[in-house]
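Step one of this worksheet: look at the structure below.
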Amino acid sequence: MGESRSLTINGRSHSVSPEDPETPLLYVLRNEFGLHGPRFGCGLGQCGACTVHIDGQAVRSCVIPLSSLKPDAKIVTLEGLGTPEAPHPVQAAFVEEQAAQCGYCINGMIMTSAAFLKDKQKPSEAEIRQALAGNLCRCGTHARIVRAVQRAAASL
Amino acid sequence: MPATQFSRRSLLQGGAIVVGFSLSRALPVAAASGTAPSKPVALDQVDSYLSLERDGSAIVYSGKVDLGTGVRTALTQMAADELDLPLARVRVIQGDTALTPDQGPTYGSLSIQNGGTQIRAAAATARRQLLQLASERLGTPTDTLATRDGRVIPAAGGEGIAYADLLKDGHFSLKLDKDAPSKNPDAFSFVGKPVARLDIPAKIYASFTYMQDVTLPGMLHGRVIRPPAIEARLTSVDEASVAGIPGLVKVVREGDFLGVVTTSEWAAIKAAEKLSATWSKAETLPEQSQLWEHVRATPVVKEDITSNVGDADGAMANAARKLKATYDFAIHTHGSIGPSCAVAQPEGDALTVWTASQMTHALRTQLSAMFSLPPEKVRCIYVEGSGCYGRNGHEDAAGDAAILARAVGKPVRVQWSRADEHGWDPKGPPTLIDLAAGLDDKGAVTAWSSQFHIPMGAAGSVPLVAATLAGLPHETALAPGNIVHNSAIPYGFPNVKTVCRRLATTPLRPSWIRTPGRMQNTFANEAFVDECAAAAGIDPLEYRLRSMNDPRGIEVLKRLATLAKWESRPSPKGDGREAGGGVQTGRGLSYVKYELYRTYVAALAEVEVERSSGMIRAKRVFVVQDCGQIINPDGVRNQIEGNVIQTVSRVLKEEVMFDRSRVTSTDWASYPILTFPEVPEIVMELIDRPREKPWGAGEPSAAVIPAAISNAVYDAIGLRLRSVPFTPEKVKTALQRT
Ligand code: FES
Ligand code: FES
Numbered sequence: 001m002g003e004s005r006s007l008t009i010n011g012r013s014h015s016v017s018p019e020d021p022e023t024p025l026l027y028v029l030r031n032e033f034g035l036h037g038p039r040f041g042c043g044l045g046q047c048g049a050c051t052v053h054i055d056g057q058a059v060r061s062c063v064i065p066l067s068s069l070k071p072d073a074k075i076v077t078l079e080g081l082g083t084p085e086a087p088h089p090v091q092a093a094f095v096e097e098q099a100a101q102c103g104y105c106i107n108g109m110i111m112t113s114a115a116f117l118k119d120k121q122k123p124s125e126a127e128i129r130q131a132l133a134g135n136l137c138r139c140g141t142h143a144r145i146v147r148a149v150q151r152a153a154a155s156l
Numbered sequence: 157m158p159a160t161q162f163s164r165r166s167l168l169q170g171g172a173i174v175v176g177f178s179l180s181r182a183l184p185v186a187a188a189s190g191t192a193p194s195k196p197v198a199l200d201q202v203d204s205y206l207s208l209e210r211d212g213s214a215i216v217y218s219g220k221v222d223l224g225t226g227v228r229t230a231l232t233q234m235a236a237d238e239l240d241l242p243l244a245r246v247r248v249i250q251g252d253t254a255l256t257p258d259q260g261p262t263y264g265s266l267s268i269q270n271g272g273t274q275i276r277a278a279a280a281t282a283r284r285q286l287l288q289l290a291s292e293r294l295g296t297p298t299d300t301l302a303t304r305d306g307r308v309i310p311a312a313g314g315e316g317i318a319y320a321d322l323l324k325d326g327h328f329s330l331k332l333d334k335d336a337p338s339k340n341p342d343a344f345s346f347v348g349k350p351v352a353r354l355d356i357p358a359k360i361y362a363s364f365t366y367m368q369d370v371t372l373p374g375m376l377h378g379r380v381i382r383p384p385a386i387e388a389r390l391t392s393v394d395e396a397s398v399a400g401i402p403g404l405v406k407v408v409r410e411g412d413f414l415g416v417v418t419t420s421e422w423a424a425i426k427a428a429e430k431l432s433a434t435w436s437k438a439e440t441l442p443e444q445s446q447l448w449e450h451v452r453a454t455p456v457v458k459e460d461i462t463s464n465v466g467d468a469d470g471a472m473a474n475a476a477r478k479l480k481a482t483y484d485f486a487i488h489t490h491g492s493i494g495p496s497c498a499v500a501q502p503e504g505d506a507l508t509v510w511t512a513s514q515m516t517h518a519l520r521t522q523l524s525a526m527f528s529l530p531p532e533k534v535r536c537i538y539v540e541g542s543g544c545y546g547r548n549g550h551e552d553a554a555g556d557a558a559i560l561a562r563a564v565g566k567p568v569r570v571q572w573s574r575a576d577e578h579g580w581d582p583k584g585p586p587t588l589i590d591l592a593a594g595l596d597d598k599g600a601v602t603a604w605s606s607q608f609h610i611p612m613g614a615a616g617s618v619p620l621v622a623a624t625l626a627g628l629p630h631e632t633a634l635a636p637g638n639i640v641h642n643s644a645i646p647y648g649f650p651n652v653k654t655v656c657r658r659l660a661t662t663p664l665r666p667s668w669i670r671t672p673g674r675m676q677n678t679f680a681n682e683a684f685v686d687e688c689a690a691a692a693g694i695d696p697l698e699y700r701l702r703s704m705n706d707p708r709g710i711e712v713l714k715r716l717a718t719l720a721k722w723e724s725r726p727s728p729k730g731d732g733r734e735a736g737g738g739v740q741t742g743r744g745l746s747y748v749k750y751e752l753y754r755t756y757v758a759a760l761a762e763v764e765v766e767r768s769s770g771m772i773r774a775k776r777v778f779v780v781q782d783c784g785q786i787i788n789p790d791g792v793r794n795q796i797e798g799n800v801i802q803t804v805s806r807v808l809k810e811e812v813m814f815d816r817s818r819v820t821s822t823d824w825a826s827y828p829i830l831t832f833p834e835v836p837e838i839v840m841e842l843i844d845r846p847r848e849k850p851w852g853a854g855e856p857s858a859a860v861i862p863a864a865i866s867n868a869v870y871d872a873i874g875l876r877l878r879s880v881p882f883t884p885e886k887v888k889t890a891l892q893r894t
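Protein chains in written order, with our numbering: chain A, 1 to 156; chain B, 157 to 894.
Shown next as structure tokens:
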């Protein structure tokens, strides 16, 4: 076991002692904390499936080594964004629009959109598409995803 | 605190391994008791498909699996309606070889059409039996009884009897009667309605268990190290190169199969990256620049004549006008967003594998052959993974996990890397098609003749990479899917001959990718019909309709024309020679009757072509589909949207690149797919026919997209694109030639 580090995940502080401090955050979240919202898609920063929020910014956890995190970094995963009882507006909109097929990419879509809508009120459809340009979906759920983000934007 | 750890209780029962779980959401209660199987799984028994629980709920056992398409929801709707149960009281267990009947692989848009129809028949047989039993119990004829909300009740009123009270232990012990009367479609509460997908909330609130999330107690992590060249032999492995990696459990070598097992996932990734090994040189692939020459030169094993009407050769010789063209369609990868993953658990000489396989029963056969185990010693359990669109790497990951788990005697999870997935999933084979048509002096087709150069084989089991590399028993036949479909055409031309020349080999291990063969073949057929229409100077819609007599097909095309405000005129739109770097627009349509016996679909694409860059943008796509009875219209829409977007991506952008040794497009930078700004607007209309058979909807609409785009580009700039993908380079080169 390596040296211990503290992390704030979904509002709670934890400490982890990874064997390798270069372990990307994604594996720590998934395997140490059982947080399966963030997903492994490429490990290369190319697809967005692993997106989480760090201090409110959408980032790709597959390319963030644990060692690079500031001790006070606040990490939020899909689990921490909202719940069926208290959904984040983006999650509620994705359910409304039935915006998933396999859903494997959907974590990235929701986390990216939630961060985007925080900074951008009333985005145009083109702006939404641009904000999601780096998130890949293979099932072709794009049309529904855009509608869901529009719905969420209207509700905010 | 992994939230979804399976707590496992295993016991040997009647020689077969029985694995029980306690995993609230994803796994069967029946199995959770730890005493589940032996449950009947024979295809002709009602109990194979259905059980009625004491709590008033029903469990449906489906050999067909969801794959992210929404099929689980649709099957729930069908069973709930047939059994008169609320949706919430029907659960579906999918693809568990110990629990579900072998309804065949989940491919070919057959899950509802075949799988759902079997489940519906089982439920209808069950309902008839419940009425019968209640009639005996109550001493009143069955036609005075009705089923409602899980009870048989007298039509005149009264409490009635709960289903479970009519049966001994919830068992029917009854043969399935495929002619058992199904409910009147007017009485359906769920079928035909846009019922919300049952899996979506869990996927959005991060409580869904994907294959990639499965963990077992004591589970180790594995990764594979594939040869740097296809067919390279492993000559040496330097285990010392990974000795310093904390958590390393074992380097596993069997023949040319190489893998590592570690205690953590990250250690497995590091070890796979650091392990140094030497391999022989191998250059078994053709030069990519010579691919089509290579395909044409590949030995032909046999010729399948898929249609032969009149005398195509004779009519061709006498035609007033002849057209000829060659079409080709690149090699594609499935490109699942989540690379393949599996967990294997060895126990004595038995093996349990959790897998996202679309064909757990066939996988069990493969694994039992691979390890020379009797099939009853192998259990494959489906857990939904990333969408696969055909036979991707899911089954191969199961083979990898099984080898590694047996090598260490512990459960092992194998997660493929992005490069494993892009490099080693089986590919949609390259397709080369020659067409010729003879026209009379009015431009009508008098002769149609085509040759499809496509690999041998049909569906079946694609050889597992691990078995092949390790030199363990495996299939050797090619399994590209039933790719001869839709080589024949849906038009009544007087003389037609369509021939599939089946090739002995194809460059990369083939399999089926969404709409296999039907897409490539329909691309060539529908673009070439457009060539004929253009040569005749006739509106391409009118041209097709003149040779059709199938009313459902005609209706689909006519509705498309209305929906898209079709303007009747021949293509191209202008003379195709507008000057400068301007943007030109065009429209193109395409039609298919899927496999010439089911789902009808027509599409129209509107495109923009930017002359200066050669860039094609699909702006809007209209689709009209008739797939018979629609189980869930929103599910069908979701599938059509997916088909359109995925196929626009394949047609405009995708091509697997390779050198003489290996696939070189091994990530999303080297194999780009469509991104949000490039996605077209989709407008569709569904024709519901509640009294017809429910036909497939997962694939057919993909078949019409390539030709719709090619035809639209022709309409815009007067150039015929015959080679998928339609990259800007190809468009520019073609423009320069004019
Ligand atoms: S998994 Fe992190 S970007 Fe793809
Ligand atoms: S919904 Fe399957 S990858 Fe996006």
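All C-beta atoms, glycine included, are put in the ideal place defined by N, C-alpha and C. Note that the structure is a prediction, hence the values are computed from the model and not measured.
Can you tell me whether residue i is helix, strand or coil according to DSSP?
i, result
"Ser-180 (chain B)", "In this prediction, Ser-180 (chain B) scores a pLDDT of 31, lower than 50, which makes its location untrustworthy; no coordinate-derived value is stated."
"Tyr-104 (chain A)", "coil"
"Arg-743 (chain B)", "strand"
"Gly-599 (chain B)", "coil"
"Lys-533 (chain B)", "helix"
"Cys-688 (chain B)", "helix"
"Trp-722 (chain B)", "coil"
"Arg-776 (chain B)", "strand"
"Glu-797 (chain B)", "helix"
"Asp-894 (chain B)", "One point to set straight first is that residue 894 (chain B) is Thr, not Asp, in the sequence displayed. Of the three classes helix, strand and coil, the one that applies to Thr-894 (chain B) here is coil, per DSSP."
"Asn-464 (chain B)", "strand"
"Gly-579 (chain B)", "helix"
"Leu-588 (chain B)", "strand"
"Lys-426 (chain B)", "helix"
Considering only heavy atoms of ligand 1, does any lie closer than 6 angstroms to the CB of residue i?
i, result
"Cys-42 (chain A)", "yes"
"Arg-60 (chain A)", "yes"
"Cys-50 (chain A)", "yes"
Considering only heavy atoms of ligand 2, does any lie closer than 6 angstroms to the CB of residue i?
i, result
"Arg-147 (chain A)", "no"
"Cys-141 (chain A)", "Per the sequence shown, residue 141 (chain A) should be read as Thr rather than Cys. Thr-141 (chain A): yes, Cβ under 6 angstroms from ligand 2."
"Arg-149 (chain B)", "Look at the range of chain B in this structure, 157 to 894, and you will see that residue 149 (chain B) is not part of it."
"Ile-493 (chain B)", "yes"
"Gln-186 (chain A)", "Beyond the ends of chain A as shown, which are 1 and 156, falls residue 186 (chain A); an answer cannot be given."
Any C-beta of chain A sitting closer than 7 angstroms to the C-beta of residue i?
i, result
"Arg-283 (chain B)", "no"
"Gly-491 (chain B)", "yes"
"Ser-397 (chain B)", "no"
"Gly-224 (chain B)", "yes"
"Ala-582 (chain B)", "Here residue 582 (chain B) turns out to be Pro, not Ala, going by the sequence shown. No, no contact with chain A."
"Pro-881 (chain B)", "no"
"Glu-797 (chain B)", "yes"
Say whether chain B places a C-beta atom closer than 7 angstroms to the C-beta of residue i.
i, result
"Ile-106 (chain A)", "yes"
"His-142 (chain A)", "yes"
"His-53 (chain A)", "no"
"Pro-84 (chain A)", "yes"
"Thr-8 (chain A)", "no"
"Leu-78 (chain A)", "yes"
"Val-95 (chain A)", "yes"
Assuming residue i and residue j make a contact with CB atoms under 8 angstroms, what is their CB distance in whole Å?
i, j, result
"Thr-273 (chain B)", "Leu-223 (chain B)", "No, Thr-273 (chain B) and Leu-223 (chain B) are not in contact; Cβ-Cβ is about 18 angstroms, not under 8 angstroms."
"Pro-539 (chain B)", "Asp-556 (chain B)", "According to the sequence shown, residue 539 (chain B) is Val rather than Pro. Not confirmed; about 16 angstroms, so no contact."
"Leu-664 (chain B)", "Pro-611 (chain B)", "With 8 angstroms as the limit, Leu-664 (chain B) and Pro-611 (chain B) do not qualify as a contact, their Cβ atoms being about 10 angstroms apart."
"Thr-803 (chain B)", "Ile-861 (chain B)", "4 angstroms"
For chain E, check one thing: does any of its Cβ atoms lie closer than 7 angstroms to the Cβ of residue i?
i, result
"Phe-116 (chain A)", "No chain E is present in this structure, whose protein chains are A and B."
Cβ pair count under 8 angstroms reaching 3, the region 818-831 of chain B against the region 723-731 of chain B: no
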